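Asks: Here it is: the structure, laid out below.
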Amino acid sequence: MIRMQNVHKSFGDNRVLRGIDLHIAKGSSMVIIGGSGTGKSVALKSVLGLIKPDSGTILVDGKPADSGDRDAFLARFGMLFQGGALFDSLPVWQNVAFRLLRGTLKRPVDEAREIAIEKLRRVGLKADVADLLPAELSGGMQKRVGLARAIAAEPEIIFFDEPTTGLDPIMAGVINDLIREIVVEMGATAMTITHDMSSVRAIADNVAMLHDGVIQWTGPVADMDASGDPYLDQFIHGRAEGPIEAVR
Amino acid sequence: MNPINFLGRLGRTVLTALAALGRLSLFAFSTFTHMLRPPFYPREFFSSLLNIGWLSLPVVGLTAVFTGGALALQIYSGGARFNAESVVPQIVAIGIVRELGPVLVGLMIAARVTSSIAAEIATMKVTEQIDALVTLSTHPMKYLVAPRVAAALITVPLLVAVGDIIGIAGGYVVATENLGFNAAAYIKNTVDFLELNDVVSSLVKGCAFGGIAATMGCYYGMQSGRGAQGVGAATKSSVEAAAILILAANFVLTGMFFSL
Chain Z
1 MIRMQNVHKS FGDNRVLRGI DLHIAKGSSM VIIGGSGTGK SVALKSVLGL
51 IKPDSGTILV DGKPADSGDR DAFLARFGML FQGGALFDSL PVWQNVAFRL
101 LRGTLKRPVD EAREIAIEKL RRVGLKADVA DLLPAELSGG MQKRVGLARA
151 IAAEPEIIFF DEPTTGLDPI MAGVINDLIR EIVVEMGATA MTITHDMSSV
201 RAIADNVAML HDGVIQWTGP VADMDASGDP YLDQFIHGRA EGPIEAVR
Chain D
249 MNPINFLGRL GRTVLTALAA LGRLSLFAFS TFTHMLRPPF YPREFFSSLL
299 NIGWLSLPVV GLTAVFTGGA LALQIYSGGA RFNAESVVPQ IVAIGIVREL
349 GPVLVGLMIA ARVTSSIAAE IATMKVTEQI DALVTLSTHP MKYLVAPRVA
399 AALITVPLLV AVGDIIGIAG GYVVATENLG FNAAAYIKNT VDFLELNDVV
449 SSLVKGCAFG GIAATMGCYY GMQSGRGAQG VGAATKSSVE AAAILILAAN
499 FVLTGMFFSL
């Protein structure tokens, strides 16, 4: 469904992506792992067109991601941002129903609000948070609202950018379980970037490790522990010693 | 200093300035085209009208009333040096309407609105809200920039008109209460002396200054760097740029209206 071929991206002298090749099959959940600053977010944002790669090809359903109707392309995606990226000035329900209140997917306001409340319930929030502002919510609740917004328009593809960053282990576990449940229930294709190994084991069907701007290892999550790849081993066991320099 | 190094530095400075001017021009042009093409976001537009127009009224009113009062006192004491105290109504009117009204309102808008727009958009950029808008199929130029600039183009001339009236009223109160002017004669002199061209120039300046103030806030907000420092730098630069451009535009517009 999503294929990245030899994708390169540099920021000045910093060559972040040095030829990424990655395939995510329809309906599967791919988790990209790697250290901070290895280009995981750049890879994800390149698929969405938020960052333009310097070279290489990104195909979604066999078609180049940067061609065709942009609105129709983006309407297929939902995204949970690292910090939630909720709009401060809008109440929670309008954040969740943002896409349903404008543009090609526009619905009547009452219907959009109803869908928003249903999605909030789906992520474990009560209807009474609907009229609060994002600033009135805890970090965990903001993540849930971000998740509700990502799934509000029933997208085919959902991206999760560091879904558990900043959460305590219990809340991180709750969010991981929610993501897994929702992805399976919707039959969506998911791409998650994280360096939280508990997220990897909870969410992934397949794992790809990004290091030095290339995919160092990729395979099913079940094969991860016995991969024999020294980079992956060092990362998943959190060792300071190994081929990955601990001080970057 | 080595002349080649000097020329090199000079060239780089000029090229950097030209590149910045080019980016700003493209941004302004893009804003203009987005204001004309659907989709439109009326809710954002009306919210901007309220924020830029209605909520700026207190600061504009206070600025104008004190300036008008001080101007009356200055003209009276200055005019006394050559027995021209009686021109207070005329000079207050022309000074406020042609110059001080639009410039002071423009600068207050730069301080209040430009900074607020820049900080808001920069924070949205830093917290990935701009990226979120894009993924939700909403163009940030249409949703964030066009409504704010359109609202400023409409409301700032109105604020200037209000500022002009309050500024003249400030001069009137000081002149009639402290300086012994006759109230009816003061009003008659003011009305008789002002020409249509004075009022038109004031409103045109207001429109230009509003456009500059909002565009600078949006431009620097969208160009913001990372973190709190990026937001702070964007806000500071936006106010500096808006204030300087407003004063430069004032000089150009004054030349256009009154050089003949």
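In order, the protein sequence lines correspond to chains Z and D. Everything in the first sequence is counted per the numbering used here, starting at 1 for the first residue and increasing by one. Everything in the second sequence is counted per the numbering used here, starting at 249 for the first residue and increasing by one. The beta carbon of each residue, even a glycine, is placed where N, CA and C say it ideally should be. Source: prediction; values computed, not measured.
Compute the beta-carbon to beta-carbon distance between Z/P220 and Z/T192, rounded to the nearest angstrom, for a pair I have assumed lies under 8 Å.
Replies: Not a contact, Cβ separation roughly 15 Å.
Asks: Tell me the residue span of the beta strand (DSSP E) that contains Z/M191.
Replies: T189 to T194
Asks: Closer than 8 Å, CB to CB, is D/A370 near chain Z or not?
Replies: no
Asks: What in chain D is Cβ-close to Z/F98, meaning under 7 Å?
Replies: Chain D residues near Z/F98: L384.
Asks: Between Z/D205 and Z/S29, is the Cβ-Cβ spacing less than 8 Å?
Replies: yes
Asks: What is the residue span of the beta strand (DSSP E) that Z/V7 lies within?
Replies: I2 to F11
Asks: Are the C-beta atoms of Z/L137 and some chain D residue less than 8 Å apart?
Replies: Z/L137 does not count as touching chain D.
Asks: Count the C-beta pairs between the stretch 86-100 of chain Z and the stretch 125-136 of chain Z that are closer than 8 Å, then say yes if the count reaches three, no if not.
Replies: yes
Asks: List, in chain order, every chain D residue whose beta-carbon is nearer than 7 Å to that of Z/F77.
Replies: Within chain D, the residues T383 have their CB atoms less than 7 Å from the CB of Z/F77, given in chain order.
Asks: The beta strand (DSSP E) that contains Z/L17, what's its start and end?
Replies: N14 to I24
Asks: If we cut at 8 Å on Cβ distances, does Z/G83 have a partner in chain D?
Replies: Flagged as an interface residue toward chain D: Z/G83, by a C-beta distance shorter than 8 Å.
Asks: Quickly, what does DSSP pair Z/L210 with across the bridge? List them, please.
Replies: Z/I215
Asks: List, in chain order, every chain D residue whose beta-carbon is nearer than 7 Å to that of Z/L74.
Replies: Going along chain D in sequence order, the residues near Z/L74 (Cβ under 7 Å) are T383 and S385.
Asks: Is Z/L50 helix, strand or coil by DSSP?
Replies: coil
Asks: Could you check if D/L298 is buried or exposed, using at least 16 other CB atoms within 10 Å of its CB as the buried criterion?
Replies: exposed
Asks: Please classify Z/R248: does DSSP put it in a helix, a strand, or coil?
Replies: At Z/R248, the pLDDT of 48 sits below 50, so the modelled position is not reliable; the number obtained from the coordinates is stated separately. Coil, per DSSP.
Asks: Around the Cβ of D/F457, are there at least 16 other Cβ atoms within 10 angstroms (buried) or fewer (exposed)?
Replies: buried
Asks: For chain D, find out if any of its Cβ atoms is closer than 8 Å to the Cβ of Z/R15; answer yes or no.
Replies: no
Asks: Using a Cβ cut-off of 9 Å, pull out every chain D residue sitting near Z/L48, in sequence order please.
Replies: Going along chain D in sequence order, the residues near Z/L48 (Cβ under 9 Å) are D379, V382 and T383.
Asks: Is the Cβ of Z/D71 closer than 8 Å to any Cβ of chain D?
Replies: yes
Asks: Would you give the residue range spanned by the alpha helix (DSSP H) that Z/F235 belongs to?
Replies: It spans P230 to H237 - the alpha helix (DSSP H) in which Z/F235 sits, taken as one unbroken run.
Asks: To which residues of the same chain is D/L427 closer than 6 Å at the C-beta, ignoring the five residues directly before and after it?
Replies: Cβ neighbours of D/L427 beyond the five flanking positions: Y324.
Asks: What's the gap between the Cα of Z/E181 and the Cα of Z/I157?
Replies: Taking the straight line from one Cα to the other gives about 15 Å.
Asks: Output the distance between the C-alpha atoms of D/E333 and D/A431, rounded to the nearest integer angstrom.
Replies: Going by the C-alpha atoms only, they are around 15 Å apart.
Asks: Is D/I494 helix, strand or coil by DSSP?
Replies: Helix.
Asks: Might you give, ordered along the chain, the residues of its own chain that have their beta carbon closer than 8 Å to the beta carbon of Z/R248, omitting 5 neighbours on each side?
Replies: Confidence is the limiting factor: at Z/R248 the pLDDT is only 48, short of 50, which leaves the residue's position unreliable and the question unanswerable from this model.
Asks: Helix, strand or coil: which one does DSSP assign to Z/V123?
Replies: coil
Asks: Inspect the beta-carbon positions of Z/G213 and Z/G12 and report whether they are closer than 8 Å.
Replies: no
Asks: For chain Z, is any of its Cβ atoms less than 8 Å away from the one on D/P388?
Replies: no
Asks: To which residues of the same chain is Z/T57 closer than 6 Å at the C-beta, ignoring the five residues directly before and after it?
Replies: Q5
Asks: Z/A172 to Z/Q142, Cα distance in whole Å?
Replies: 13 Å
Asks: Against chain Z, with Cβ distances strictly below 8 Å, would D/P286 count as a contact?
Replies: no
Asks: With 16 other CB atoms within 10 Å as the buried threshold, where does Z/L167 fall?
Replies: With a 10 Å radius around the Cβ and a threshold of 16 neighbouring Cβ atoms, Z/L167 comes out buried.
Asks: So, is the C-beta of D/T375 closer than 8 Å to a C-beta in chain Z?
Replies: yes
Asks: Which residue marks the beginning of the alpha helix (DSSP H) containing D/M464, and which one marks its end?
Replies: L444 to M470
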